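Chains as they are written, first to last, in the numbering used here: chain A, 1 to 366; chain B, 367 to 542.
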Amino acid sequence: MQIDFHYYATYAAAYLAGYSHKECMDISYSAFMVDQCSKTLLKKLGADTSAATTMLQLEMMDAGGDIISLQEITAIWSSFHFLPKDLYAQKSKHPKRYMHKYRLICGPDSELVKKTVELAKGSSLQAAGIAMHVLADTWAHAYFAGTPSLVINNVDNDIYEITDPDDRLTDRRIVFNHNPASPDDPEKNSYTNSMYVNNENSVMNLGHGRAGHLPDYSFMRYRYMPAWDDYRMMIKDNPRDYHNAFCQMIHALKYLRGLTDSFETGVYDTDAVSPYDERIRQILGRRQLLASDDWKQFAHDLSNEDIEDFDIDKYQDEYLMAVAGKRPDTFLGRFIDAASAHKKMVCTQIAASKNPLAGFAGKIKE
Amino acid sequence: MTRFQRAKEIIYALLIMIAAVAMIADPGEGYKIIIGIIGLYFTVLGIIRLYYYFTMARFMVGGRRSLYTGIIMFDFGLLAGTLTNVPHYYIFLYLIGLHAFGGAVDILRSLESYRYKASWKLKMTHGLIDIAVAIVCVIFLKNINVAVFVYAIGLLYSAFLRIIGACRKTKFIYIQ
Numbered sequence: 001m002q003i004d005f006h007y008y009a010t011y012a013a014a015y016l017a018g019y020s021h022k023e024c025m026d027i028s029y030s031a032f033m034v035d036q037c038s039k040t041l042l043k044k045l046g047a048d049t050s051a052a053t054t055m056l057q058l059e060m061m062d063a064g065g066d067i068i069s070l071q072e073i074t075a076i077w078s079s080f081h082f083l084p085k086d087l088y089a090q091k092s093k094h095p096k097r098y099m100h101k102y103r104l105i106c107g108p109d110s111e112l113v114k115k116t117v118e119l120a121k122g123s124s125l126q127a128a129g130i131a132m133h134v135l136a137d138t139w140a141h142a143y144f145a146g147t148p149s150l151v152i153n154n155v156d157n158d159i160y161e162i163t164d165p166d167d168r169l170t171d172r173r174i175v176f177n178h179n180p181a182s183p184d185d186p187e188k189n190s191y192t193n194s195m196y197v198n199n200e201n202s203v204m205n206l207g208h209g210r211a212g213h214l215p216d217y218s219f220m221r222y223r224y225m226p227a228w229d230d231y232r233m234m235i236k237d238n239p240r241d242y243h244n245a246f247c248q249m250i251h252a253l254k255y256l257r258g259l260t261d262s263f264e265t266g267v268y269d270t271d272a273v274s275p276y277d278e279r280i281r282q283i284l285g286r287r288q289l290l291a292s293d294d295w296k297q298f299a300h301d302l303s304n305e306d307i308e309d310f311d312i313d314k315y316q317d318e319y320l321m322a323v324a325g326k327r328p329d330t331f332l333g334r335f336i337d338a339a340s341a342h343k344k345m346v347c348t349q350i351a352a353s354k355n356p357l358a359g360f361a362g363k364i365k366e
Numbered sequence: 367m368t369r370f371q372r373a374k375e376i377i378y379a380l381l382i383m384i385a386a387v388a389m390i391a392d393p394g395e396g397y398k399i400i401i402g403i404i405g406l407y408f409t410v411l412g413i414i415r416l417y418y419y420f421t422m423a424r425f426m427v428g429g430r431r432s433l434y435t436g437i438i439m440f441d442f443g444l445l446a447g448t449l450t451n452v453p454h455y456y457i458f459l460y461l462i463g464l465h466a467f468g469g470a471v472d473i474l475r476s477l478e479s480y481r482y483k484a485s486w487k488l489k490m491t492h493g494l495i496d497i498a499v500a501i502v503c504v505i506f507l508k509n510i511n512v513a514v515f516v517y518a519i520g521l522l523y524s525a526f527l528r529i530i531g532a533c534r535k536t537k538f539i540y541i542q
């Protein structure tokens with residue numbers, strides 16, 4: 001997912017859940033901040049780098065293939081972008097080494113997403129924003145794992161866009177290239193992906209890199225064969241999944257705001273969306289690489305307020321000028337605390353499942 | 367490429383350069399040490415790849431590629447280790463064969479890159495020169511010193527290109 005959904009659509013979901021304009025801005029800012037808060041940024045702020053929620057390209061390139069680097073990568077990507085669906089998933093006659101990776105495959109409506117939302121309950125708006133990022137990504141990034149793995153994340157070249165679900169003969173083959181200078185072109189069905197690297201732990205095999213940005217485009221419906229699913233074809237219906245993500249965010253935000261008693265997985269607040277359903281589906285289905293303008297306009301029409309664009313510098317001065325003891329009370333201070341708490345929760349859960357890929361159990365501080 | 371992978375490529379290139387210099391310094395004996403190193407290298411690599419296949423890749427779509435590459439590498443390694451008592455010509459033909467095979471793989475990979483509109487020229491040049499070096503070595507096979515010299519120059523060139531390749535930027539998808 002990109003800024004269109006994590007920022008503007010999150011604002012709209014928060015507004016439909018009953019938050020004020022100001023609160024919506026804080027939630028959506030925090031949701032998109034998850035894609036910006038790297039170690040490099042935290043170093044610049046003089047903050048604890050273990051709260052990083054993403055990695056910059058160069059940080060990824062510099063990461064080693066040793067277990068400590070793998071744990072650092074996995075802790076970030078599994079916690080914030082590829083929340084595991086089932087940490088205790090079973091597959092008979094598969095060695096532990098394989099299962100550790102298999103159990104990190106991301107998917108929606110998991111126990112972990114419930115814990116994520118519940119952790120944000122009673123906490124800050126920043127925590128709510130982080131939870132919304134994590135929740136939304138479980139839909140977009142489903143079937144990929146937030147750890148480098150060829151055997152899980154590899155995708156072969158047989159990927160087809162489904163243009164008409166009722167007529168499979170119209171499926172169009174997607175052509176991939178690895179040219180950094182070549183932008184994705186939906187009209188020619190030409191997209192960029194990470195190149196094949198026959199190395200299990202290469203960062204090239206992290207997440208959905210081998211499927212390019214297809215999971216990030218809300219209009220995209222496609223079928224492909226994931227490396228881990230025993231030669232079965234997978235159909236990924238992004239317009240449907242993004243719609244579910246939007247409705248589930250409203251359900252979660254209503255719970256966080258205290259309007260409902262519990263957050264349940266598999267519940268999507270379609271009632272709140274129904275007056276706008278046609279427009280939302282229109283935005284999700286439009287063939288465009290970035291839907292920010294559409295979502296921004298929709299958000300503006302909902303609240304009748306100007307939705308300012310995301311500015312990464314917006315709260316940095318407040319944090320830098322604050323005296324050390326007061327930093328946790330600043331906007332970024334609350335974001336960093338919420339990110340640390342969330343990462344600790346997910347890593348603890350992964351370690352508790354006897355999976356060492358996000359850190360060893362003994363190292364996680366309770 | 368990660369920093370670790372770049373370092374690995376550069377160290378590998380430096381080892382090739384050392385081997386090439388050794389061959390130029392003593393064409394008669396240098397190649398025996400080199401063939402031993404090549405044999406050991408391929409055997410270990412083959413075992414690692416086969417272990418990876420049996421524990422991981424056999425559960426993956428298209429995972430048999432790891433099995434095939436593991437078997438081929440292991441076989442290369444064992445074969446290389448058995449060649450020390452064979453006349454120079456055969457050992458050298460084997461080395462030339464390996465070199466030409468590497469060149470052919472580079473050409474195939476560059477054609478694949480060309481199909482995907484990615485950068486392909488450097489790899490194509492590398493492959494063509496590797497094969498040209500192999501052909502020249504075969505032509506001068508009767509004069510073993512000349513052939514070894516040409517082969518060593520080819521190795522130096524390959525090592526140089528590996529270092530360039532390790533220092534180039536590579537594309538990967540930045541996930542949001």
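Backbone N, C-alpha and C fix where the C-beta goes; we use that ideal spot for every residue, glycine too. Computed from a prediction, not measured in an experiment: that's the story for all the values here.
Whose Cβ in chain A lies nearer than 8 Å to the Cβ of Thr357/B?
Any answer about residue 357/B is impossible in this case: the structure gives chain B only from 367 up to 542.
Given that a residue counts as buried once 16 or more other Cβ atoms are within 10 Å of its Cβ, and exposed if not, what is Asp294/A?
buried
Spatial neighbours of Ile3/A within its chain, please: CB distance less than 8 Å, with the 5 preceding and 5 following residues excluded, ordered by chain position.
Phe32, Asp35, Leu290, Ser292 and Phe310
Nearest CA to the CA of Tyr523/B: which residue from Arg424/B, Ile413/B and Ala386/B?
Ala386/B
Check the Cβ of Trp228/A against every Cβ in chain B and list those closer than 9 Å, keeping chain order.
Phe425, Met426 and Val427
Output, in chain order, the set of chain B residues within a Cβ distance shorter than 8 Å of Met225/A.
Val427
Go through the stretch 312 to 357 of chain A residue by residue and report every complete run of the beta strand (DSSP E) that reaches 3 residues or more, in order.
none
Please state whether DSSP places Asn201/A in a helix, a strand or coil.
coil
Whether Asn238/A touches Ala211/A by CB criterion (9 Å)
no
Using a threshold of 9 Å, state whether the C-beta atoms of His465/B and Ser476/B are closer than that.
no
Check the DSSP bridge columns for Cys106/A and list the partner residues they point to.
Pro84/A
Cβ atoms of Asp158/A and Met225/A: under 9 Å apart, would you say?
yes
Chain B beta carbons: is any one of them nearer than 9 Å to that of Val346/A?
no
C-alpha gap between Pro183/A and Leu507/B, whole angstroms
50 Å
DSSP three-state assignment for Glu395/B, whether helix, strand or coil:
coil
Does Val512/B come out as helix, strand or coil in the three-state DSSP assignment?
helix
Val504/B - DSSP class collapsed to helix/strand/coil
helix
Give a yes or no on whether 9 Å exceeds the smallest Cβ distance from Leu320/A to chain B.
no
Opening and closing residue of the alpha helix (DSSP H) in which Ser303/A lies:
Ser292 to Ser303
Could you tell me the distance, in whole angstroms, from the CA atom of Pro412/A to the CA atom of Leu70/A?
Since the first residue of chain A shown is 1 and the last is 366, residue 412/A is not available in this structure.
Answer yes if the stretch 142 to 159 of chain A comes into contact with the stretch 87 to 102 of chain A, meaning at least three C-beta pairs across the two stretches below 8 Å, and no otherwise.
yes
Measuring only the C-alpha atoms, how far is Ala181/A from Ser79/A?
31 Å
Under 9 Å, CB to CB, which of the residues in the stretch 58 to 74 of chain A have a partner in chain B?
Met60, Met61, Asp62, Ala63, Gly64, Gly65, Asp66 and Ser69
Short CB-CB distance (under 9 Å) between Thr435/B and chain A
yes
Taking CB distances under 9 Å as the criterion, tell me whether Val134/A reaches chain B.
no
Please report the straight-line C-alpha distance between Val514/B and Tyr196/A, rounded to a whole angstrom.
35 Å
For Met1/A versus Ala136/A, is the C-beta distance shorter than 9 Å?
yes
Going by alpha carbons, who is nearest to Val516/B out of Lys374/B, Thr435/B, Ile390/B and Leu411/B?
Ile390/B
With distances taken from CA atoms, which of Tyr460/B, Tyr455/B, Ala446/B and Lys489/B is nearest Ala525/B?
Lys489/B
May I ask you to report which of helix, strand or coil DSSP gives Met234/A?
strand
Which residues in chain A have a C-beta closer than 7 Å to the C-beta of Tyr407/B? List them in chain order.
None at all; the shortest Cβ gap to chain A is about 17 Å.
Met132/A beta carbon less than 9 Å from that of Thr54/A:
no
Assumed close pair Gly129/A, Ser50/A - CB separation to whole angstroms, cut-off 8 Å:
So it is not a contact: roughly 19 Å between Cβ atoms.
Of the residues Asp166/A, Arg168/A and Ser190/A, the one placed nearest Phe176/A, counting alpha carbons only:
Ser190/A
As a quick exercise: from Gly122/A, Thr270/A and Val203/A, pick the residue whose alpha carbon is nearest that of Ala402/A.
The displayed coordinates of chain A run from 1 to 366. Any statement about residue 402/A would go beyond what the structure contains.
Is any beta-carbon of chain B found at less than 9 Å from that of Leu150/A?
yes
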